[in-house]
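Chemist: Before we start, here is the structure in question, set down as structure tokens.
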Amino acid sequence: MYDYDLLVLGSGPGGQKAAIAASKLGRRVGIIDRRDMIGGVCINTGTVPSKTLREAVLYLTGLSQRDLYGSSYRVKEEITVSDLAARTQHVISRQTDVIRNQLSRNHVAMITGTGRFADAHALWVDGGGGREAKVTADKIIIAAGTRPARPDSVDFDERTIVDSDGVINLQAVPRSMVVVGAGVIGMEYASLFAALGTKVTVVERREKMLDFCDDEIVESLKYHLRDLSVTFRFGEEVAAVEKHQNAALCILKSGKKIVADTVMYSAGRQGQTDDLCLEAAGLTADRRGRIEVDANYRTAVDNIYAVGDVIGFPALASTSMEQGRLAAHHACGEPVREIGHLQPIGIYTIPEISFVGKTEDELTDSSTPFEVGIARYRELARGQIVGDSYGMLKLLVAPDDGTLLGVHVFGTGATEIIHIGQAVMGCGGTVDFLVDAVFNYPTLSEAYKVAALDAANKIRNITRIDG
Ligand SMILES: Cc1cc2nc3c(=O)[nH]c(=O)nc-3n(C[C@H](O)[C@H](O)[C@H](O)COP(=O)(O)OP(=O)(O)OC[C@H]3O[C@@H](n4cnc5c(N)ncnc54)[C@H](O)[C@@H]3O)c2cc1C
2 MYDYDLLVLG
12 SGPGGQKAAI
22 AASKLGRRVG
32 IIDRRDMIGG
42 VCINTGTVPS
52 KTLREAVLYL
62 TGLSQRDLYG
72 SSYRVKEEIT
82 VSDLAARTQH
92 VISRQTDVIR
102 NQLSRNHVAM
112 ITGTGRFADA
122 HALWVDGGGG
132 REAKVTADKI
142 IIAAGTRPAR
152 PDSVDFDERT
162 IVDSDGVINL
172 QAVPRSMVVV
182 GAGVIGMEYA
192 SLFAALGTKV
202 TVVERREKML
212 DFCDDEIVES
222 LKYHLRDLSV
232 TFRFGEEVAA
242 VEKHQNAALC
252 ILKSGKKIVA
262 DTVMYSAGRQ
272 GQTDDLCLEA
282 AGLTADRRGR
292 IEVDANYRTA
302 VDNIYAVGDV
312 IGFPALASTS
322 MEQGRLAAHH
332 ACGEPVREIG
342 HLQPIGIYTI
352 PEISFVGKTE
362 DELTDSSTPF
372 EVGIARYREL
382 ARGQIVGDSY
392 GMLKLLVAPD
402 DGTLLGVHVF
412 GTGATEIIHI
422 GQAVMGCGGT
432 VDFLVDAVFN
442 YPTLSEAYKV
452 AALDAANKIR
462 NITRIDG
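Given below as structure tokens:
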């Protein structure tokens, strides 16, 4: 008899949802995590702190109100790190409480400590101070997440040279910053500091950034960030970073030099599997610490599953939660449904980006015909009211039957209103539903109707000529 039916390693979004789902299915469940990490990277160092900082920055800088009140509008003139930290700490502690409460009222046993495999059905849990206990389970779900990857050649000091964990603990708002890596996390922090008035330079090895997003939207983002004094160095690599008294000198391979108060590395993430003794359970991880799973999130060992960032792309809190739920159902032998192909992507740059479905490039590459319908926020009453003159919503529509193939949004509320498109797509709806539906006025959601009419009119014009 095992101690638990299901044991979950890691209490981030994937682990939490797996544990709660299994408990709802009537299983005896335990979840292991370190004392100060309940809620995982998501709550403590990743999603929640970064999104709270963003909200604090948007509010205190008054940036989103400047279209209405003028470019000098500020809520607070000198924004300090403590202004930002106060809000972040508040949200982290509230969210940690919520998670503890959810786990406890679902009778999930919280096991505090660092876990490592003893064998395929047992983990050693080191609770600190020489306390170590063995816990056993029929099924195990690994949700150990990732940490920022740190190039060996870089001397991180948590002050001048930081990664995305260190950046939330900076002691002062830097006057200048180099962001190395133009991925999602790099660009979110680049725009956040640019909004605070930091002079940001983004250095990216590739020629493009966020190439999985709509091209036009990425162009709009670059335009906006340049307006906030962000400099982009695409096709460039940092060769060395020299630390000086209160600044760093970044030397690029091309010979360019950039001085900055802070250098933030955002060079990918590494699975937290090196200390898990995976081999004791018959498992391995790849070079980046990721564990391979099948379509049901089962690893090479039958009773062990893995979910969340530790299995790689898309490495989002949103998808990790769902993977946790699905893995738990499979591990418990219970049926479950999923809509894997319609996962939205949200990027909290300033302005934000969100999309669901295909991009224009993907459709073109697969020779799938599509029509585009566009709504610009500046033509919506709500857009004017909130002072968003740049936002846009784009629908990609199949001309033959009106099916929605993709929805792309840029600007205020993008990550919220995308779910309307997702729901329509998920329910097999067409552009006709959006043309016929009545939307509250004045709302940003109304963009769907405007874009749908645009697409429907274009399709009608073609049909008129083409037959
Ligand atoms: C800066 C930043 C911003 C982000 N923004 C977003 C966003 O806006 N939206 C979004 O959807 N996603 C975002 N993400 C991604 C999101 O945070 C992750 O996808 C999500 O946290 C992954 O969840 P997870 O279940 O894999 O576990 P994680 O949240 O990674 O947590 C893993 C947990 O496992 C524990 N653990 C690891 N090893 C052991 C061990 N040996 N013993 C005990 N416990 C262990 C850790 O202590 C940790 O608590 C962001 C990430 C970062 C870094």
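My numbering numbers the first residue of the sequence shown as 2 and each following residue consecutively.
Glycine included, every Cβ here is placed at the ideal spot set by N, Cα and C.
If you count every other CB in all the chains shown that lies within 10 Å of the CB of H428, and 16 or more means buried, which is it?
Modeler: Position 427 of the sequence shown holds residue 428. For the record, residue 428 in the displayed sequence is Cys; it is not His. Exposed is the call here.
Chemist: What is the DSSP secondary structure of I354, reduced to helix, strand or coil?
Modeler: Counting from 1 along the sequence shown, the entry for residue 354 is found at position 353. Looking at I354 - three-state DSSP - the assignment turns out to be strand.
Chemist: Got a sec? Which residues, its chain only, sit under 7 Å from F434 by beta carbon, not counting five neighbours each side?
Modeler: Position 433 of the sequence shown, counting from 1, holds the residue named residue 434. Taken in chain order, the residues that qualify are V425.
Chemist: Would you mind sorting R132 into buried or exposed? The rule is 16 or more other CB atoms within 10 Å of its CB.
Modeler: Taking the sequence shown and counting its residues from 1, one reaches residue 132 at position 131. Label assigned to R132: exposed.
Chemist: Can you give the beta carbon distance from L405 to V451, rounded, assuming they're within the 8 Å contact cut?
Modeler: The sequence position of residue 405 within the sequence shown is 404, counting from 1. The sequence position of residue 451 within the sequence shown is 450, counting from 1. Actually they do not touch by this definition, with Cβ atoms about 15 Å apart.
Chemist: Where does M178 sit, in a helix, a strand or coil, going by DSSP?
Modeler: The residue you call residue 178 lines up with position 177 of the sequence shown. Three-state result, M178: strand.
Chemist: Grouping DSSP H, G and I as helix and E and B as strand, with all else coil, what is G272?
Modeler: Within the sequence shown, the letter at position 271 stands for residue 272. Three-state DSSP puts G272 in a strand.
Chemist: Does any heavy atom of ligand 1 sit closer than 6 Å to the C-beta of M265?
Modeler: To locate residue 265, count along the sequence shown from 1; it is residue 264. No, the Cβ of M265 stays beyond 6 Å of every heavy atom of ligand 1.
Chemist: Measuring only from the beta carbon, is T97 closer than 6 Å to any heavy atom that is part of ligand 1?
Modeler: Counted from its first residue, the sequence shown places residue 97 at position 96. T97 Cβ: outside cutoff for every heavy atom of ligand 1.
Chemist: Taking Cβ to Cβ, would you say V126 is nearer than 7 Å to I39?
Modeler: As a working mapping, residue 126 is identified with position 125 in the sequence shown. As a working mapping, residue 39 is identified with position 38 in the sequence shown. Against a cut-off of 7 Å, the Cβ pair of I39 and V126 comes out as no contact.
Chemist: Count the other C-beta atoms from every protein chain shown that fall within 10 angstroms of the C-beta of G130, then say buried if there are 16 or more, exposed otherwise.
Modeler: In the sequence shown, residue 130 corresponds to position 129, counting from 1. By the 10 Å Cβ count, G130 comes out exposed.
Chemist: Starting from Y442, trace the beta strand (DSSP E) in both directions and tell me its first and last residue.
Modeler: On the sequence shown, position 441 is the one that residue 442 refers to. Element bounds for Y442: n/a, residue is neither H nor E.
Chemist: What separation, rounded to the nearest whole angstrom, lies between the Cα atoms of K459 and V436?
Modeler: For the purposes of this step, residue 459 is identified with residue 458 of the sequence shown, where counting begins at 1. For the purposes of this step, residue 436 is identified with residue 435 of the sequence shown, where counting begins at 1. Cα to Cα, the separation comes out at about 13 Å.
Chemist: So for R160, helix, strand or coil by DSSP?
Modeler: Taking the first residue of the sequence shown as 1, we reach residue 160 at position 159. Three-state DSSP puts R160 in coil, outside helix and strand.
Chemist: Tell me where the alpha helix (DSSP H) around V99 begins and ends.
Modeler: Locating residue 99 in the sequence shown gives position 98, counting from the first residue. V99 -> alpha helix (DSSP H) spans 82 to 106.
Chemist: From D139 to S446, what distance separates their C-alpha atoms?
Modeler: Here residue 139 refers to the residue found at position 138 when the sequence shown is read from its first residue. Here residue 446 refers to the residue found at position 445 when the sequence shown is read from its first residue. Cα to Cα, the separation comes out at about 47 Å.
Chemist: With 16 other CB atoms within 10 Å as the buried threshold, where does L54 fall?
Modeler: Taking the first residue of the sequence shown as position 1, residue 54 is located at position 53. Per the 10 Å Cβ criterion, buried.
Chemist: Based on the DSSP secondary-structure assignment, which residues constitute the bridge partners of F235?
Modeler: For this step, residue 235 is matched to residue 234 along the sequence shown. Bridge partners of F235: E205.
Chemist: Counting Cβ pairs, one atom from each stretch, are 3 or more of them under 8 Å apart for the segment 388 to 403 and the segment 209 to 225?
Modeler: The answer is yes - the segment 209 to 225 touches the segment 388 to 403, with three or more Cβ pairs under 8 Å.
Chemist: To the nearest whole angstrom, what separates the beta carbons of M178 and A261, a pair I think is in contact under 8 Å?
Modeler: By 1-based counting over the sequence shown, the position of residue 178 is 177. By 1-based counting over the sequence shown, the position of residue 261 is 260. Confirmed, Cβ separation roughly 5 Å.
Chemist: Is DSSP giving G15 helix, strand or coil here?
Modeler: Numbered from its first residue, the sequence shown carries residue 15 at position 14. G15: helix per DSSP, three-state reduction.
Chemist: Ligand 1 heavy atoms versus the CB of T115: any closer than 6 Å?
Modeler: As a position in the sequence shown, residue 115 is number 114, starting the count at 1. Yes, ligand 1 has a heavy atom inside 6 Å of this Cβ.
Chemist: According to DSSP, is I460 part of a helix, a strand, or is it coil?
Modeler: Within the sequence shown, residue 460 is the residue found at index 459, counting from 1. Here I460 sits in helix by DSSP.
Chemist: In whole angstroms, what separates the C-alpha of R117 from that of Y306?
Modeler: Residue numbering aside, residue 117 sits at position 116 when the sequence shown is read from its first letter. Residue numbering aside, residue 306 sits at position 305 when the sequence shown is read from its first letter. The straight-line gap from Cα to Cα measures roughly 15 Å.
Chemist: I want to check one thing, is the minimum distance from the CB of Q324 to the heavy atoms of ligand 1 below 6 Å?
Modeler: As a first step, residue 324 is located in the sequence shown; it is residue number 323 there, counting from the start. False, no ligand heavy atom lies under 6 Å from that Cβ.
Chemist: Tell me whether I186, by its Cβ, gets closer than 6 Å to a heavy atom of ligand 1.
Modeler: As a first step, residue 186 must be located in the sequence shown, where it is residue number 185. Checking every heavy atom of ligand 1 against the Cβ of I186, one is found closer than 6 Å.
Chemist: Compute the distance between the beta-carbons of V311 and L327, then report whether it is under 7 Å.
Modeler: Here residue 311 is taken as the residue at index 310 of the sequence shown, counted from 1. Here residue 327 is taken as the residue at index 326 of the sequence shown, counted from 1. No; because the gap between Cβ atoms is not below 7 Å, this pair is not in contact.
Chemist: Between the beta-carbon of H122 and the beta-carbon of S24, is there less than 7 Å?
Modeler: Position 121 of the sequence shown, counting from 1, holds the residue named residue 122. Position 23 of the sequence shown, counting from 1, holds the residue named residue 24. Cβ atoms of H122 and S24: not closer than 7 Å.
Chemist: Indicate the three-state DSSP secondary structure (helix, strand or coil) for C333 in the structure shown.
Modeler: Residue 333 sits at position 332 when you count from the first residue of the sequence shown. In the structure shown, C333 sits in coil (DSSP, three-state: anything other than H, G, I, E or B).
Chemist: What do you reckon, are the CB atoms on T320 and E189 nearer than 7 Å?
Modeler: Residue 320 sits at position 319 when you count from the first residue of the sequence shown. Residue 189 sits at position 188 when you count from the first residue of the sequence shown. It is not a contact, given that the beta carbons lie outside the stated cut-off.
Chemist: Restricting to Cα atoms, I'd like to know which of Y70, R288, E361 is closest to R270.
Modeler: Along the sequence shown, read from residue 1 onward, the residue named residue 270 stands at position 269. Answer by Cα proximity: R288.
Chemist: Can you find at least 3 beta carbon pairs, one from the segment 76 to 90 and one from the segment 394 to 401, that sit closer than 8 Å?
Modeler: With the cut-off at 8 Å, the segment 76 to 90 and the segment 394 to 401 do not touch.
Chemist: One question on the structure: do A20 and V9 come within less than 7 Å of each other, judged by their Cβ atoms?
Modeler: Looking up residue 20 in the sequence shown gives position 19. Looking up residue 9 in the sequence shown gives position 8. Yes; because the gap between Cβ atoms is below 7 Å, this pair is in contact.
Chemist: Look at N146 and G31 and say whether their C-beta atoms are less than 7 Å apart.
Modeler: As a first step, residue 146 is located in the sequence shown; it is residue number 145 there, counting from the start. As a first step, residue 31 is located in the sequence shown; it is residue number 30 there, counting from the start. One detail in the question is off: residue 146 reads as Gly in this sequence, not Asn. No; because the gap between Cβ atoms is not below 7 Å, this pair is not in contact.
Chemist: Would you mind stating whether A456 and V439 have Cβ atoms separated by less than 7 Å?
Modeler: Translated into the one-based positions of the sequence shown, residue 456 becomes position 455. Translated into the one-based positions of the sequence shown, residue 439 becomes position 438. No, the Cβ-Cβ distance between A456 and V439 is not below 7 Å.
Chemist: For F118, name the three-state secondary structure that DSSP assigns.
Modeler: Counting from one through the sequence shown, the residue named residue 118 turns up at place 117. The answer is strand: DSSP assigns F118 an E or B state.
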